[in-house]
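Asks: Chains A and B supply the protein sequences, listed in that same order. Residue 284 in the numbering used here is what sits at position 284 of the first sequence, and the numbering runs on without skipping anything. Residue 191 in the numbering used here is what sits at position 191 of the second sequence, and the numbering runs on without skipping anything. Virtual Cβ for every residue (Gly too), placed ideally from N, Cα, C.
2 protein chains.
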Amino acid sequence: MSASVSPLAPKSYPDMPPLRGVRMATAAAGIKYKNRTDVLLMVFDRPAAVAGVFTRSKCPSAPVDFCRANLPHGIARAVVVNSGNANAFTGIKGKAATALTAKSASQAVGCGENEVYLASTGVIGEPLDATKFAGVLGDMNRTAAGDFWQEAAKAIMTTDTYPKVATRTAEIGGVKVTINGIAKGAGMIAPDMATMLSFVVTDADIASPALQTLLAAGVGPSFNSVTVDSDTSTSDTLMLFATGAAADDGQVRVESADDPRLQSFRAALDDLLKDLALQVVRDGEGARKMVEITVTGAESDAAAKVIALSIANSPLVKTAIAGEDANWGRVVMAVGKSGEMADRDRLAIWFGDVRVAVEGERDPSYSEAAATAVMRQQDIPVKVDLGLGNGTATVWTCDLTKEYVAINGDYRS
Amino acid sequence: MSASVSPLAPKSYPDMPPLRGVRMATAAAGIKYKNRTDVLLMVFDRPAAVAGVFTRSKCPSAPVDFCRANLPHGIARAVVVNSGNANAFTGIKGKAATALTAKSASQAVGCGENEVYLASTGVIGEPLDATKFAGVLGDMNRTAAGDFWQEAAKAIMTTDTYPKVATRTAEIGGVKVTINGIAKGAGMIAPDMATMLSFVVTDADIASPALQTLLAAGVGPSFNSVTVDSDTSTSDTLMLFATGAAADDGQVRVESADDPRLQSFRAALDDLLKDLALQVVRDGEGARKMVEITVTGAESDAAAKVIALSIANSPLVKTAIAGEDANWGRVVMAVGKSGEMADRDRLAIWFGDVRVAVEGERDPSYSEAAATAVMRQQDIPVKVDLGLGNGTATVWTCDLTKEYVAINGDYRS
Chain A
1 MSASVSPLAP KSYPDMPPLR GVRMATAAAG IKYKNRTDVL LMVFDRPAAV
51 AGVFTRSKCP SAPVDFCRAN LPHGIARAVV VNSGNANAFT GIKGKAATAL
101 TAKSASQAVG CGENEVYLAS TGVIGEPLDA TKFAGVLGDM NRTAAGDFWQ
151 EAAKAIMTTD TYPKVATRTA EIGGVKVTIN GIAKGAGMIA PDMATMLSFV
201 VTDADIASPA LQTLLAAGVG PSFNSVTVDS DTSTSDTLML FATGAAADDG
251 QVRVESADDP RLQSFRAALD DLLKDLALQV VRDGEGARKM VEITVTGAES
301 DAAAKVIALS IANSPLVKTA IAGEDANWGR VVMAVGKSGE MADRDRLAIW
351 FGDVRVAVEG ERDPSYSEAA ATAVMRQQDI PVKVDLGLGN GTATVWTCDL
401 TKEYVAINGD YRS
Chain B
1 MSASVSPLAP KSYPDMPPLR GVRMATAAAG IKYKNRTDVL LMVFDRPAAV
51 AGVFTRSKCP SAPVDFCRAN LPHGIARAVV VNSGNANAFT GIKGKAATAL
101 TAKSASQAVG CGENEVYLAS TGVIGEPLDA TKFAGVLGDM NRTAAGDFWQ
151 EAAKAIMTTD TYPKVATRTA EIGGVKVTIN GIAKGAGMIA PDMATMLSFV
201 VTDADIASPA LQTLLAAGVG PSFNSVTVDS DTSTSDTLML FATGAAADDG
251 QVRVESADDP RLQSFRAALD DLLKDLALQV VRDGEGARKM VEITVTGAES
301 DAAAKVIALS IANSPLVKTA IAGEDANWGR VVMAVGKSGE MADRDRLAIW
351 FGDVRVAVEG ERDPSYSEAA ATAVMRQQDI PVKVDLGLGN GTATVWTCDL
401 TKEYVAINGD YRS
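(1) Under 8 Å: do the stretch 299 to 316 of chain A and the stretch 372 to 392 of chain A share three or more Cβ pairs, one atom per stretch?
(2) Around the C-beta of SER222 (chain B), are 16 or more other C-beta atoms found within 10 angstroms, so that it is buried, or is it exposed?
(3) Select from B:SER104, B:VAL43, B:ALA210 and B:TRP149 the residue whose C-alpha is nearest the C-alpha of THR131 (chain B).
(4) Hey, does VAL424 (chain A) have any beta-carbon neighbour from chain B nearer than 7 Å?
(5) Use the C-beta contact count for ASP258 (chain A): other C-beta atoms within 10 angstroms, 16 or more gives buried, fewer gives exposed.
(6) In three-state DSSP terms, what is TYR404 (chain B)?
(7) Quick one, are the C-beta atoms of GLY409 (chain B) and ARG362 (chain A) less than 7 Å apart?
(8) Would THR158 (chain B) and THR98 (chain B) be called neighbours here (beta carbons separated by less than 7 Å)?
(9) Buried or exposed for ARG376 (chain A), going by 16 or more other Cβ atoms inside 10 Å?
(10) Using CA atoms only, rank isn't needed, just tell me which of A:CYS398, A:ASN180, A:ALA51 and A:LEU19 is closest to SER208 (chain A).
(11) Could one say the Cβ of ALA303 (chain B) lies closer than 7 Å to chain A's Cβ atoms, at least one of them?
(12) Please determine if the stretch 337 to 349 of chain B and the stretch 370 to 385 of chain B are in contact, where contact requires at least 3 C-beta pairs separated by less than 8 Å.
(13) Under DSSP, the beta strand (DSSP E) around ASN82 (chain A) begins and ends at which residues?
(14) Give me the residue from A:ASP147, A:ASN85 and A:HIS73 with the minimum Cα distance to GLU115 (chain A).
(15) Cβ of ILE124 (chain B) less than 7 Å from any chain A Cβ?
(16) Please compile the residues from chain A whose C-beta is within a distance smaller than 8 Å of the C-beta of ARG469 (chain B).
(17) Does the separation of the CB atoms of LEU309 (chain A) and VAL395 (chain A) fall below 7 Å?
(18) LYS95 (chain A) and ALA62 (chain A): beta carbons closer than 7 Å?
(19) Starting from LEU118 (chain A), find everything on chain B with Cβ-Cβ shorter than 8 Å and list it in chain order.
(20) Counting only beta-carbon atoms, is ARG362 (chain B) nearer than 7 Å to chain A?
(21) What does a CB cutoff of less than 7 Å around LEU269 (chain A) pick up in its chain, not counting 5 residues either side in sequence?
(22) When the distance is taken between beta carbons, is VAL200 (chain A) closer than 7 Å to LEU415 (chain A)?
(23) Whole angstroms is fine: what's the gap from ASN141 (chain B)'s alpha carbon to ILE182 (chain B)'s?
(24) Check MET333 (chain A) in the structure and name its three-state DSSP category.
(25) Output yes if chain A places a C-beta closer than 7 Å to the C-beta of PRO63 (chain B); else output no.
(26) Could you spell out where the beta strand (DSSP E) holding PRO381 (chain A) opens and where it closes?
(27) Note down the Cα distance separating LEU211 (chain A) from GLY84 (chain B), rounded to an integer number of angstroms.
(28) Is it right to say GLU255 (chain B) is buried, meaning 16 or more other beta carbons lie within 10 angstroms of its own, or is it exposed?
(29) Could you tell me which chain B residues have their CB closer than 7 Å to the CB of LEU388 (chain A), listed as they occur along the chain?
(30) Please report the residue range of the alpha helix (DSSP H) in which LEU262 (chain B) lies.
(31) Give, in chain order, every residue of the stretch 316 to 328 of chain A whose Cβ lies closer than 7 Å to some Cβ of chain B.
(32) Could I get the ranges of all uninterrupted beta strand (DSSP E) runs contained in the stretch 3 to 81 of chain B, with 3 residues as the minimum, in chain order?
(33) Where ALA246 (chain A) and ASP203 (chain A) are concerned, what is the direct C-alpha to C-alpha distance, given to the nearest angstrom?
(34) In this structure, does DSSP put ALA312 (chain B) in helix, strand or coil?
(35) Only counting the same chain, and skipping five residues up and downstream in sequence, which positions put a Cβ closer than 7 Å to that of LEU276 (chain B)?
(36) Would you verify that the beta carbon of ASN82 (chain A) is, or is not, closer than 7 Å to some beta carbon of chain C?
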């Protein structure tokens with residue numbers, strides 16, 4: 001947790017409404033940090049439907065393995081999240097730690113161990129002492145309350161400089177439902193599934209398979225379209241829980257993601273996921289600039305996304321942005337190295353509304369002053385048109401600053 | 001050109017022997033820099049055999065296009081290289097600039113324009129004023145001398161902090177031959193063909209097709225195995241010229257790369273290419289540490305190289321190395337995100353001779369002090385064994401420092 005808040009942080013946080021069917025508590029278990037909370041317990045008193053997407057890393061953390069194994073059961077009663085230790089690359093000890101934590105949680109809440117979900121974030125490779133949970137989960141369950149979203153978001157922070165929360169409402173068959181979510185960043189962020197920890201809860205009554213479809217579709221243009229440093233975590237976890245409490249208001253349960261009654265919910269969920277994902281980028285380690293990169297005219301949407309990420313992950317592009325340098329030549333370089341089809345002589349590039357390059361060379365009416373004015377903004381839109389087809393994609397990233405290097409030069413120690 | 005020399009620079013430079021058949025001159029044409037040379041002319045008075053490998057960027061520079069077009073002709077008489085402007089993404093103006101430069105060079109040297117080779121390095125996207133060459137190439141041809149390798153290497157520097165030269169000898173059929181080479185870095189360096197500018201000349205008498213085969217094979221474990229910042233240049237050019245002067249000593253011309261008489265030459269060439277490639281890494285922008293990453297036990301050599309580069313290009317690994325932090329968890333992360341097959345529980349990692357992780361967790365005899373002692377070295381070997389197969393690869397990179405950010409935050413302006 002950093003001393004100073006990112007200059008890109010939201011100017012205000014939303015009032016998070018209570019969400020029926022979920023209770024939360026945080027505690028300071030002393031896993032790594034001092035003088036702050038580092039454990040979050042979420043309790044669903046009635047079984048909740050559950051969906052999850054996880055890192056595509058070939059070296060996933062023990063909690064990711066644990067969640068994947070439980071997901072087919074389709075019922076969630078408790079979620080335990082800790083910061084300070086990722087329980088990743090911890091071998092047999094790591095598996096023992098997830099087993100012990102699940103047992104402690106199941107006893108505290110009174111549910112099956114296969115109804116528990118776990119996530120850990122922090123340093124990789126250090127054994128996690130799960131006995132620290134055993135002592136606190138019972139108390140946490142007793143004190144868990146509904147209106148605790150801000151505190152929940154704080155408990156899972158690592159190098160984050162502000163807690164990330166978002167809320168939306170939607171209607172299903174005329175019944176109002178609410179979606180609340182929290183997330184954490186702020187480094188080892190790259191779009192290869194979830195890219196961090198995020199937990200979203202709704203009181204809607206939606207079956208797990210439908211939830212899974214909604215979540216898998218929603219993650220593409222949100223969490224899977226942000227990158228801080230191109231480094232995909234071992235622990236990326238995004239979970240969506242549906243408590244079903246809206247059934248008390250007459251909401252008829254939705255079984256299929258194809259159900260037309262989900263139109264409003266899907267839009268609200270997608271919007272909330274994008275909100276949280278952008279909050280993660282805005283708190284990228286050392287970030288001073290938010291960059292939205294839109295690629296149009298590519299051969300396909302997939303090609304557009306590869307090119308957009310090649311730009312977003314280029315150290316030379318990111319340092320130029322940090323230096324407020326309208327160095328569009330580096331954008332050309334990043335397009336060229338992406339491996340996707342590009343025709344140099346059809347390429348056009350904009351910083352904000354200022355077209356800086358067209359038809360393979362500097363714009364005839366190029367104005368250094370106009371381009372530099374865009375670079376001085378806090379939020380910088382970059383647009384690249386390839387002139388080849390109809391493929392488009394938008395991704396978000398931040399600049400690469402000396403602070404990123406400083407933060408990561410001694411994060412572990 | 002930086003004020004202070006990289007701490008990783010070679011402690012001494014080799015005495016570069018004259019090489020029969022090539023003459024060189026440098027000049028200050030005022031393309032961008034002041035008070036330094038920025039043009040190199042190499043002249044082959046007798047037609048030289050020629051080979052080249054170039055960037056795989058989809059947005060290559062105009063000189064790269066020009067060289068590719070001339071290569072099938074197979075004869076080189078002149079090479080013109082400038083620093084300060086890459087003549088990349090310069091559209092029709094860029095093509096006109098290469099045409100004018102080739103014409104000036106052909107008139108100065110007295111050869112065909114298809115016997116001229118061009119390379120430019122520097123800022124992308126600014127039109128290159130090729131009329132600046134016209135005035136200097138005639139004089140340069142008249143004054144060009146043989147023993148000018150250090151000065152040649154200096155003239156093509158951009159953010160390099162030292163000139164990169166190397167020399168080797170070999171024998172072909174009992175006749176001694178010499179190979180001299182120069183190279184420049186120092187950013188926008190990633191292994192996707194050549195990755196910078198480098199020019200190698202030998203007095204051996206070897207036909208162009210054989211040279212091309214030797215060069216294409218030699219670039220894989222040398223220039224294509226180094227990365228400074230994962231950013232592939234638009235201008236990467238590596239060329240090999242054979243003046244054939246050793247024929248005067250009785251060397252019988254070699255027509256085929258399969259000729260067994262090339263054994264000594266191939267070894268010397270490969271060694272020289274590796275020498276130059278490592279000099280490029282040791283002058284990586286802002287570099288304070290040299291890192292050699294060896295991956296063993298992968299499913300294939302190709303998989304090993306992907307994994308090695310995933311580690312070498314990870315900002316989190318590179319910042320940890322800058323911070324002298326033995327953060328092997330980030331190596332695990334980089335293995336996991338590579339997309340190649342890995343079994344977390346078979347993975348072992350060494351820093352130097354210190355095994356820090358084995359069988360999917362921290363080494364039982366892990367010593368923070370021993371690992372940290374390795375990280376304090378200037379040259380840091382990292383080894384990862386995947387325990388899956390026989391695939392191996394070695395790549396080289398440098399750390400990511402605040403100086404890299406500083407250098408690239410205002411390089412253009």
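Replies: Walking through what the data contain:
(1) yes
(2) Residue mapping note: residue 222 (chain B) aligns to position 222 of the second sequence, counting from 1. Answer is buried; the Cβ neighbour count reaches 16.
(3) Within the second sequence, the letter at position 131 stands for residue 131 (chain B). Measuring from the Cα of THR131 (chain B), the nearest candidate turns out to be B:SER104.
(4) Past the edges of chain A, shown from 1 to 413, lies residue 424 (chain A), and the structure says nothing about it.
(5) Working through the first sequence from its first residue, we reach residue 258 (chain A) at position 258. Exposed: under 16 other Cβ atoms inside 10 Å.
(6) Here residue 404 (chain B) is taken as the residue at index 404 of the second sequence, counted from 1. Residue state, collapsed to three classes: helix.
(7) Taking the first residue of the second sequence as position 1, residue 409 (chain B) is located at position 409. Taking the first residue of the first sequence as position 1, residue 362 (chain A) is located at position 362. Not a contact, by the Cβ cut-off of 7 Å.
(8) As a working mapping, residue 158 (chain B) is identified with position 158 in the second sequence. As a working mapping, residue 98 (chain B) is identified with position 98 in the second sequence. No. Outside cutoff.
(9) Numbered from its first residue, the first sequence carries residue 376 (chain A) at position 376. Exposed: under 16 other Cβ atoms inside 10 Å.
(10) Along the first sequence, one-based indexing puts residue 208 (chain A) at 208. Nearest C-alpha to SER208 (chain A): A:ALA51.
(11) Against the second sequence, residue 303 (chain B) aligns to sequence position 303. Not one chain A Cβ lies under 7 Å of ALA303 (chain B).
(12) yes
(13) Position 82 of the first sequence, counted from the start, is the residue given in the question as residue 82 (chain A). Taken as a continuous stretch (DSSP letters only), the beta strand (DSSP E) holding ASN82 (chain A) covers 76 to 85.
(14) In the first sequence, residue 115 (chain A) corresponds to position 115, counting from 1. Looking at the Cα atoms, A:HIS73 is the closest of the given residues.
(15) For this step, residue 124 (chain B) is matched to residue 124 along the second sequence. ILE124 (chain B) counts as touching chain A.
(16) There is no way to answer for residue 469 (chain B), as the model of chain B reaches only from 1 to 413.
(17) By one-based count along the first sequence, residue 309 (chain A) stands at place 309. By one-based count along the first sequence, residue 395 (chain A) stands at place 395. For LEU309 (chain A) and VAL395 (chain A), yes; Cβs fall inside 7 Å.
(18) For the purposes of this step, residue 95 (chain A) is identified with residue 95 of the first sequence, where counting begins at 1. For the purposes of this step, residue 62 (chain A) is identified with residue 62 of the first sequence, where counting begins at 1. Cβ atoms of LYS95 (chain A) and ALA62 (chain A): closer than 7 Å.
(19) On the first sequence, residue 118 (chain A) is found 118 positions in, with the first residue counted as 1. Within 8 Å Cβ-Cβ: nothing; LEU118 (chain A) doesn't reach chain B, min ~17 Å.
(20) Start at 1 with the first residue of the second sequence, and residue 362 (chain B) comes out as number 362. Contact of ARG362 (chain B) with chain A is assigned, a C-beta pair being separated by under 7 Å.
(21) The residue you call residue 269 (chain A) lines up with position 269 of the first sequence. Around LEU269 (chain A): ILE179, LEU214 and GLY218.
(22) This structure gives no information on residue 415 (chain A), because the portion of chain A shown stretches from 1 to 413.
(23) Indexing the second sequence from 1 puts residue 141 (chain B) at position 141. Indexing the second sequence from 1 puts residue 182 (chain B) at position 182. Rounded to whole angstroms, ASN141 (chain B) to ILE182 (chain B) spans 19 Å at the Cα level.
(24) Sequence index remark: in the first sequence, residue 333 (chain A) carries index 333 (1-based). MET333 (chain A): helix per DSSP, three-state reduction.
(25) Position 63 of the second sequence, counted from the first residue, corresponds to residue 63 (chain B). No, because no Cβ of chain A sits closer than 7 Å to the Cβ of PRO63 (chain B).
(26) Indexing the first sequence from 1 puts residue 381 (chain A) at position 381. It spans 379 to 385 - the beta strand (DSSP E) in which PRO381 (chain A) sits, taken as one unbroken run.
(27) By one-based count along the first sequence, residue 211 (chain A) stands at place 211. By one-based count along the second sequence, residue 84 (chain B) stands at place 84. One C-alpha to the other measures close to 56 Å.
(28) To locate residue 255 (chain B), count along the second sequence from 1; it is residue 255. Around the Cβ of GLU255 (chain B), a 10 Å sphere holds fewer than 16 other Cβ atoms; the residue is exposed.
(29) Position 388 of the first sequence holds residue 388 (chain A). Within chain B, no residue comes near LEU388 (chain A); the closest Cβ sits about 11 Å away, beyond 7 Å.
(30) Walking along the second sequence from the start, residue 262 (chain B) turns up at place 262. Run containing LEU262 (chain B): none; DSSP gives neither H nor E here.
(31) Per Cβ criterion, the list reads LEU316, THR319, ALA320, ALA322, GLY323, ASP325, ASN327 and TRP328.
(32) 22 to 27 and 39 to 54, all fully within the stretch 3 to 81 of chain B.
(33) Indexing the first sequence from 1 puts residue 246 (chain A) at position 246. Indexing the first sequence from 1 puts residue 203 (chain A) at position 203. Cα-Cα distance, rounded: 5 Å.
(34) Here residue 312 (chain B) is taken as the residue at index 312 of the second sequence, counted from 1. It is helical.
(35) Numbered from 1 along the second sequence, position 276 holds the residue referred to as residue 276 (chain B). LYS164, ALA166, GLY181, ALA183 and SER198, listed in sequence order.
(36) Although the question refers to chain C, the structure presented lacks it and instead comprises the protein chains A and B.
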